[in-house]
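Only one structure is covered here, and it is reproduced in the block below.
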Amino acid sequence: MLGVCYYPEHWPREHWAEDARRMRALGLTYVRIGEFAWSRIEPDPGRFTWEWLDEAIETLGSAGLKIVLGTPTATPPKWLVDRHPEVLAYDALGRPRRFGSRRHYTHSSRVYVQESRRIVTEYARRYGQNPHLVGWQTDNEYGCHDTVRSYGPEDLRAFRDWLKAKYQHIDRLNNAWGSVFWSMEYRSFDEVNLPHLTVTEPNPSHVLDFYRFSSDQVVAYNKMQVEVIRQHSPERFIAHNFMGFYTHFDHFALADDLDVASWDSYPQGFTDREAPISDERKLHYARASHPDIAAFHHDLYRGARARWWVMEQQPGPVNWAPNNPAPAPGMVRLWTWEAFAHGAEVVSYFRWRQVPFAQEQMHAGLNRPDYQPDLGYFEAKQVVEELARLPLPETTLAPVALIYDYEASWLFEVQPHGTGWNYTVLCMHFHTALRELGLSVDFVRPGADLSGYKLVVAPSLPILRQRTLLALEKTPCPIVFGPRTGAKTEHFQIPPSLPPGALQNLLPLKVTRVESYRPGLADTVFFGGKKWKAEVWKEWIESDLQPVATFSDGKGAIYQHHHLHYLGFWPSREFLSAYLGQMVRALGLPVTPMPEGMRVRQRGNLVFAFNYADHPQEAPAPRGADFVLGSPTVAAYNLSIWKQG
Amino acid sequence: MLGVCYYPEHWPREHWAEDARRMRALGLTYVRIGEFAWSRIEPDPGRFTWEWLDEAIETLGSAGLKIVLGTPTATPPKWLVDRHPEVLAYDALGRPRRFGSRRHYTHSSRVYVQESRRIVTEYARRYGQNPHLVGWQTDNEYGCHDTVRSYGPEDLRAFRDWLKAKYQHIDRLNNAWGSVFWSMEYRSFDEVNLPHLTVTEPNPSHVLDFYRFSSDQVVAYNKMQVEVIRQHSPERFIAHNFMGFYTHFDHFALADDLDVASWDSYPQGFTDREAPISDERKLHYARASHPDIAAFHHDLYRGARARWWVMEQQPGPVNWAPNNPAPAPGMVRLWTWEAFAHGAEVVSYFRWRQVPFAQEQMHAGLNRPDYQPDLGYFEAKQVVEELARLPLPETTLAPVALIYDYEASWLFEVQPHGTGWNYTVLCMHFHTALRELGLSVDFVRPGADLSGYKLVVAPSLPILRQRTLLALEKTPCPIVFGPRTGAKTEHFQIPPSLPPGALQNLLPLKVTRVESYRPGLADTVFFGGKKWKAEVWKEWIESDLQPVATFSDGKGAIYQHHHLHYLGFWPSREFLSAYLGQMVRALGLPVTPMPEGMRVRQRGNLVFAFNYADHPQEAPAPRGADFVLGSPTVAAYNLSIWKQG
Amino acid sequence: MLGVCYYPEHWPREHWAEDARRMRALGLTYVRIGEFAWSRIEPDPGRFTWEWLDEAIETLGSAGLKIVLGTPTATPPKWLVDRHPEVLAYDALGRPRRFGSRRHYTHSSRVYVQESRRIVTEYARRYGQNPHLVGWQTDNEYGCHDTVRSYGPEDLRAFRDWLKAKYQHIDRLNNAWGSVFWSMEYRSFDEVNLPHLTVTEPNPSHVLDFYRFSSDQVVAYNKMQVEVIRQHSPERFIAHNFMGFYTHFDHFALADDLDVASWDSYPQGFTDREAPISDERKLHYARASHPDIAAFHHDLYRGARARWWVMEQQPGPVNWAPNNPAPAPGMVRLWTWEAFAHGAEVVSYFRWRQVPFAQEQMHAGLNRPDYQPDLGYFEAKQVVEELARLPLPETTLAPVALIYDYEASWLFEVQPHGTGWNYTVLCMHFHTALRELGLSVDFVRPGADLSGYKLVVAPSLPILRQRTLLALEKTPCPIVFGPRTGAKTEHFQIPPSLPPGALQNLLPLKVTRVESYRPGLADTVFFGGKKWKAEVWKEWIESDLQPVATFSDGKGAIYQHHHLHYLGFWPSREFLSAYLGQMVRALGLPVTPMPEGMRVRQRGNLVFAFNYADHPQEAPAPRGADFVLGSPTVAAYNLSIWKQG
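Residue numbers (my numbering), protein chains in the order written: chain G, 1 to 645; chain R, 646 to 1290; chain C, 1291 to 1935.
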């Protein structure tokens, strides 16, 4: 089903009914509203002006739309900030991050938690039982504009409390952090600062704990909103809209408190700005978007919650990337279908109409500022019609699981130890390599049950907690571990037995030394009769096992013990295609190498092929496949769907 | 006529008379003094030591030099700053910009306005009627070192007052800015902050108003000085020395209060540092300076005021660019002549003698620190001799007008919407393309009377005010509009009828979508039987008109309606040469394509050819032309002048 | 002899004895301890816990190790900082540099000087007469993490005092600085600020004085520690461990108060991070380290003090460079031998064992965190065995002296006047060129006695003090001066007679103009029948002398007068090889051109050849040389030693 984001407060009231009518006429089911409207709901402290929102909900709802209401906490009004300047977040240089855009609060502010509880309670009380309301969105894009980690007085106070709760006694903290190094020892929790503005790098254990704390604060803040809503609006689902390429809090943990995970999918904006890919790739896919960006996040957030939406779908050019080309014709439809292929329940476009003022005036909508339909409108319409003809089966388990670890991303931020080491890039290498083999992939969290999978890959799991080890131990299928797995204790120390620490019980090897390479420097890995470049990272491994592949000096680069594989270097996408391809073939799974720009994804018994290329390509379908949408030749920026044989 | 900048306070008193004598002997007419001398005039608060300046003026004047006196407000002394720290400007990160160099004040400081009025009054009273004094310079290089926009408490107060005066009621501001977006609504003007240190980008209307306010503050500050001087020194001209590549205030508006516009021409320093040109071009022209840089500003400031000077002319290597090569031999003479070709009344060298101490000790003068003449001295001498032989005719209207819009440059700073969009670069593309066709160009402000021109180009006019529209409407000659013209209302909103807004009445087309391209991405424009690259920016246009040129998808790229042309993309210099060349030929104007490094400029009946190349080139003169200076072959770094046939 | 750095406080007490035993078994003589242990010695203000350090010293000492004790002042504990926040340094943006890593103090803090005196007195009293203690290290790596220049209130107070002492009267300061420029005049020392946060660049004389002051503060602070130690521990040597590529204080001046100069040699970390060499060279030597980096500093610090150590020798991969490759096998041994070749008394490895926690957990030691020997251990062992067989002769004077001037490095930081001008790079060009000719080089300070040398090079001496001029005047051997020599007075002004100022008495020439070039721009120098590129910098020289070499315009580029040579341009390494090679041959010194990666160094009658290349090369030894280590073919990353014929 499809939806749209709408801001009645941006448009003259006399247009609401017509807008609602046209939404329904287009075939939209859901409309999300309200998430930035605090100043219109409570223009002065304690004075509420619900009437317009009452009318908007009634107008939209009575037109047949189902309403998702956002809590307005991402944009506290000026009067609140002026009354309580302590709600502001502080940047890492110690400056308050001021009013004038959005997300100007820290999750650790006691006043802001209280004010948020108050306004969410008001919202939930007023609309919690409204018949048109089917669900809630908490806040908006937690963390957007780097707002999870804050360095102000409220954060310091909360961090000290968090440390006290975690370590109980300051000696335990000093031991965990190795504070004896450089005389960094503390006599009490009240002596601990936030880890910033130090002369040189702060203690990595200190930083990692601050990153964990910061993540916990977001989760707790969201849980507070969820509890208020559940109390006053018991039969509605609760969602939050996550972002792309954002890792500063544990989305798995936060999603545990939600009913629906959702995310905001801007494949072109991400291609131009966030995506950790080369400029050459950014250019190549500037008009289409990179073919693995949306899929990566679909797979990630499906792993966070079985029910998941795309809450905001790019409908045309965006405004916020350094460069903002228009999507190639067909891409809005392709992105929408791709979300469904990956299991989305709803795809909701952002926004109904391009707004002519303020920060996002250059962001396209389904409609233009002159109230005429824009190009995305027609592509959405086509999806509506196609969806009506094609019932979607249930999403089933993918053959491959990728273990994705937020803590790993924080740890490697703190200690990349080489300019080329980047956790997201590493995960993308695995994910893309598997997709280039034609495989569907599930993302799972560390410690998740892995039963049912044919293959598990763990790009890197530097801290192996007990729960994770148990899950790995019980898993009968092959597991491929990437470099730096087991490299640290939970306190960010090197394990006494050296890496991979406790994994040595399952995989008898020891990493005795590591090295990182500047661009251009590489070792060679000999595998499968070929030479592969090991750039970025290499490990020196001691083991009685016979290596599966060796470095240029004959030392082991890959080890296998029973069904467990260990890669002692930074694996390129090309190498992973070869290595995982060989494994997958050995497992008897079907492998279909993808040409550049072509990707497939299976949902139930349907196989979807998406062509991100600027020219037609043959669908990687079996001979005589039964095409239920499209045809064996997939046009540029188009898709085909066939039934699995 | 020629002049020089001189600092008697830097040199032993016993050298003044000899310096004056040698200035006259060289043939200089004007000498500018005094503009940084506050600490020598008022060494302690209220204690004045005029005697040395009295003597300096008398010495210079009685030697036959005409004196231009600068007010010393660019460098308030330390005691003033210590007594009134609130005079300091604040940077965008909220830090005071401290004493220790120059321009350490904000135009919004009430104390500083008062102190400035006091010192200017003292100056004007003492020297306003001095027979040697012919003119004044207010302050020095307003805006230098990014000093127009300031973010301190005095600025905030003044900005709120400015907003109050502009909008009267806070609701009008909220509507104009679209504050409802992201709950940015204000309840009173006292709630509005300066638009900085926000979590993500501030509201663009908010920023544009702050930029307008900042420009207005400079204009008001200068007007205050002008009024004081006019009162006490009624028969002297008043000038200010503007800079190159600087746009943070409206130079047209400020010049309205002056008698003489002047600017400080450092073509090599600009080539190495400011000029928005490629590194390849910076290298190619490192020794000569880029051939359009001085001309661009000559044309701009002639547009600000009919009487205009070069107040500071580079006389040798400068000190302030990242790299400071010596000018190729001949360039000082060439630059001087070029200013006269463009209509300058006076060219004044900076400075008489290289000073051996402080920040500018590595900046050349006409004389070396050891009191011997430097190379520039001899080139100036040659110009003196040549000028004596060659009376210059009046400057007349150029065939082409370029509409230059400071507000456009601010608006595109706020919202470039693509990494490649830069207003100055766009204007340079038009200006250079016209000069490469051998045409002289006038810069005019939006709303200026355009009668008399054969062709008008408007690189971009995003906000079309009534006055501008009227001037355009009345213009019978062809007008070429660049992209984004009419793209915004005066409140920085998208026009309800879409761009180009009110211009649609004259030019029936509608821009329904825009896109920006990363370097390497481009669309193609088919024009004149050739393919042209449309990089940076493309527009999607709806119109019943037949397009003059099309994009690769067949949609219109250029439209013409009667004498109005609209370019729906970022035009390259090469494209503009072709397009404008065709137009100019059709208009029956003479077109003389210039070889690389050669430029011509007409003044009255004289045509000047300047060879910026490192090798001789033929002057683009008609056969049998009457050369009054130089010859048909122009040596490297040299010029020729002939009479128009 | 060899040593090691050890941190007993990082390891369980029960391992100390075994560690000590293994150190001795490896053949180590010295162990440095204690320099970061303040929080363990004085965990609360005034409460001392000496017992563990007593035991550690006794355990190590009774095992036969000689102990060097570091004063712990580089890491004041948290309680001290909380009690006295004024001890913190401030960065150039005016922010305190906070607790949480190390070196969080300013040398100008009166409280910190007092607290340092107190703790050093405690250390010196307790262990000053300990029989196991042979020497002291003051603090640790003064200046590390850019901690010499501090911009806080204590620094301002101390700087004003320093200026008062230097200039006595404010008029002398105003004259020296040329404060009249831009009305920067001061009425008293209390009006002078620190030279930062100004609107544009501050007065260069102001900045240079601040840099001199900052250097003096470090020297004074160290002298305070030295005096305390000398009082309580009279018969032990005192050392400090300097760094690589660090110039913010005058190491010669500081070393005057020491008995032993030492430095911390991390050739690979420097190659990846600090070294001012091209990315191409960084890549080429990523595994071996650049072949002149260690040698440069060995020669520099031998010039600071006849007795010198490598206090910290890289033993494996480091953790602190952007990329941290492992040293090629053999490099740890090679680096150790190279230090001895250059005259080191002791080489001490950092550290005994890789520590599994805190900031340096990824820094290798001689042993791994699992208590097993790492690769460096075995290379150190080999050196121990080789040293035992090969007695080292005394170090003698090198044939060539290079005058190295800290003040020059500060002055050129303040006024590079061209992006390519870098004093360290210039010195490396001379040093490397001489080493490529097979010559050993001594670094000497300006004013040092130059007798005994065959050739002296002065890459640049911008300020020529009387003492330096006298030393130059007395020197009978050839002296080669690089560009900008004599370019400034001691107050950072251009000399009245123009550069090279007072040197004109010895070398009759005058630099009338200089210019700097962007990359790609160059003039040509004709010398020795070849063309050489003069990039970065060129001077215009007037002289009655016949030039030795000319620029493309025929003007003189090099002048020689008797035995003095002046280079009026930025000399490339290649040019210097040719020019100095010709001179050296003319002097009858043996010249042995080195192939890429090969370097020699003579110590007494032994010649050492080091092969930094990844392939074997012939040792540049005479036929039939008597090899006492290695052989005529030097393997990759290996060395040979032969007796001079």
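In this text, a Cβ means the ideal position worked out from N, Cα and C, and glycines have one as well.
Chain-ordered neighbours of Ser1391 of chain C on chain G, where CB pairs are closer than 7 angstroms: Trp182, Thr198, Val199, Thr200, Glu201, Pro202
Chain G contacts from the stretch 1545 to 1576 of chain C (Cβ-Cβ distance under 7 angstroms): Asp1562, Lys1572, Leu1573, Ala1576
Reduced DSSP secondary structure (H/G/I, E/B, other) of Glu687 of chain R: coil
Beta-carbon proximity of Gly715 of chain R to Asn819 of chain R, cut-off 8 angstroms: no
Nearest-angstrom Cβ-Cβ length linking Thr1064 of chain R and Arg1163 of chain R, presumed shorter than 8 angstroms: 7 angstroms
Beta-carbon neighbours of Asn838 of chain R, restricted to chain G and to distances below 7 angstroms: Arg98, Phe99, Gly100
Tyr1661 of chain C classed as buried or exposed, judged by whether at least 16 other C-beta atoms fall within 10 angstroms: exposed
Positions along the stretch 1599 to 1612 of chain C whose CB lies within less than 8 angstroms of some CB in chain G: Gly1606, Pro1607, Asn1609, Pro1612
Thr1278 of chain R, buried or exposed, once every other Cβ within 10 Å from all chains shown has been counted against 16: exposed
CB contact check: Gln623 of chain R to chain C, cutoff 8 angstroms: This structure leaves residue 623 of chain R out entirely; chain R is present only between 646 and 1290.
Chain-ordered neighbours of Pro1752 of chain C on chain G, where CB pairs are closer than 7 angstroms: Result: empty, since nearest Cβ-Cβ is about 31 angstroms, beyond 7 angstroms.
Beta strand (DSSP E) segments (min. 3 residues) lying fully within the stretch 1628 to 1670 of chain C: 1636 to 1639
His417 of chain G at chain C interface by Cβ criterion, 8 angstroms: yes
Stretch pair the stretch 1205 to 1213 of chain R + the stretch 1041 to 1061 of chain R: three plus CB contacts closer than 8 angstroms: no
Backbone CA spacing between Cys1122 of chain R and His1074 of chain R [nearest angstrom]: 21 angstroms
heavy atom of the ligand SAH below 7 angstroms from Ile403 of chain G C-beta: No copy of the ligand SAH appears in this structure; indeed no ligand is present at all.
Buried/exposed call for Gln1756 of chain C, threshold 16 Cβ in 10 Å: exposed
Contact set for Glu1564 of chain C: own chain, Cβ-Cβ below 7 angstroms, skip 5 residues either direction: Gly1534, Phe1535
Per-residue contacts from Trp1328 of chain C into chain G (C-beta, under 7 angstroms): Ser183
Status (buried if at least 16 other CB within 10 Å, exposed otherwise) for Gln314 of chain G: buried
Span of the beta strand (DSSP E), counted from its first residue to its last, around Lys1155 of chain R: 1155 to 1161
Contact between the stretch 1637 to 1655 of chain C and the stretch 1598 to 1614 of chain C (3+ Cβ pairs under 8 angstroms): yes
Minimum C-alpha distance to Ile1409 of chain C - residue among C:Thr1339, C:Ser1806, C:Leu1727: C:Thr1339
The stretch 1804 to 1823 of chain C: positions lying closer than 7 angstroms to chain R by Cβ: Glu1805, Ser1806, Tyr1807, Arg1808, Gly1810, Leu1811
Closer than 8 angstroms to chain C by CB, Asn1012 of chain R: no
Own chain partners of Gln1934 of chain C with C-beta closer than 6 angstroms, once the 5 adjacent residues on each side are dropped: Asn1895, Val1897
Three-state secondary structure (DSSP) of Ile1460 of chain C: helix
Candidates R:Gly1097, R:Ala1116, R:Phe1088, R:Tyr1098: closest to Pro1104 of chain R by CA position: R:Phe1088
Nearest-angstrom Cα separation, counted from Phe1255 of chain R out to Met976 of chain R: 10 angstroms
8 angstroms Cβ shell around Glu1241 of chain R - same chain, five flanking residues per side excluded: Ala1258
Terminal residues of the alpha helix (DSSP H) in which Met888 of chain R lies: Careful: Met888 of chain R lies outside any alpha helix (DSSP H) and carries neither H nor E.
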